[in-house]
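What follows is the structure, encoded as structure tokens:
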């Protein structure tokens, strides 16, 4: 197995680690271009009916992943399917399924390893952006989801057309995602500081109810006059 095949398997596996179905859909679509062809036993993946089903499932996966309530559950449920998809798309995309068993295992193991790493990065990043969204900073979660879709498309296209670009796409996607998370944190901290300052109540505190002695003092200015001075006939 040469270096380009290793990179292609890693790129396809990394793409599947973020979205289980989108790489398979892209494989089927690329089969209709002059730059890539599926193996003879996998041409059915490019049939219109299969492409429609994959497209619908990919949209459903994306919508579920972006939901505030369903998203964490969807990511947990999709963890193992993404690993399996990493094995499968790496083997299909590199042609290992039509080769010998050794090539199949090599491509599949590279793909599933990349899928596990990408899925872990995806889970950690989305956990942070969802926490920021709960705190009122929502744009990092939406932006990170878009970055992931672009990364999946970029990794798949690079793996099929020019595997040498896979490292560039992967590093760029990681840097962009991390930058979005850090920006969201700063905005969240700034919002907390501003909210803390603006939330200070500068109005005069409410006075407690006046006691009977206080009310008598208000009505009679001489209420606290020293009785000894009154007996002496002198003013206080």
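Residue numbers (the working numbering): 1 to 236.
Even for Gly, the Cβ is constructed at its ideal location relative to N, Cα and C.
Since this is a predicted model, take the numbers as computed values, not measurements.
Check the C-beta distance from residue i over to residue j and give it rounded, since I have them as a contact under 8 angstroms.
i	j	result
residue 25	residue 55	6 angstroms
residue 50	residue 42	About 10 angstroms; that fails the 8 angstroms criterion.
Between the options, which has its C-alpha nearest residue i's C-alpha?
i	options	result
residue 48	35, 9, 28	28
residue 94	122, 100, 107	107
Count the other C-beta atoms from every protein chain shown that fall within 10 angstroms of the C-beta of residue i, then say buried if there are 16 or more, exposed otherwise.
i	result
residue 13	buried
residue 197	Residue placement at residue 197 is poorly supported in this model, since its pLDDT is 38, which falls under 50; the coordinates still yield a value, given next. It counts as exposed.
residue 134	exposed
residue 146	exposed
residue 8	buried
residue 5	buried
residue 137	buried
residue 31	buried
residue 180	buried
For residue i, which of helix, strand or coil comes out of DSSP?
i	result
residue 156	helix
residue 75	helix
residue 89	helix
residue 186	helix
residue 4	helix
residue 104	helix
residue 32	coil
residue 126	helix
residue 199	At residue 199 the pLDDT is 41, less than 50, meaning the model places this residue with poor confidence and gives no usable figure here.
residue 66	helix
residue 162	coil
If we call anything under 7 angstroms between Cβ atoms a contact, is residue i one with residue j?
i	j	result
residue 10	residue 115	no
residue 284	residue 161	The requested residue 284 does not occur in the structure, where the chain is confined to residues 1 to 236.
residue 87	residue 111	yes
residue 119	residue 82	yes
residue 125	residue 144	yes
residue 18	residue 128	no
residue 90	residue 104	no
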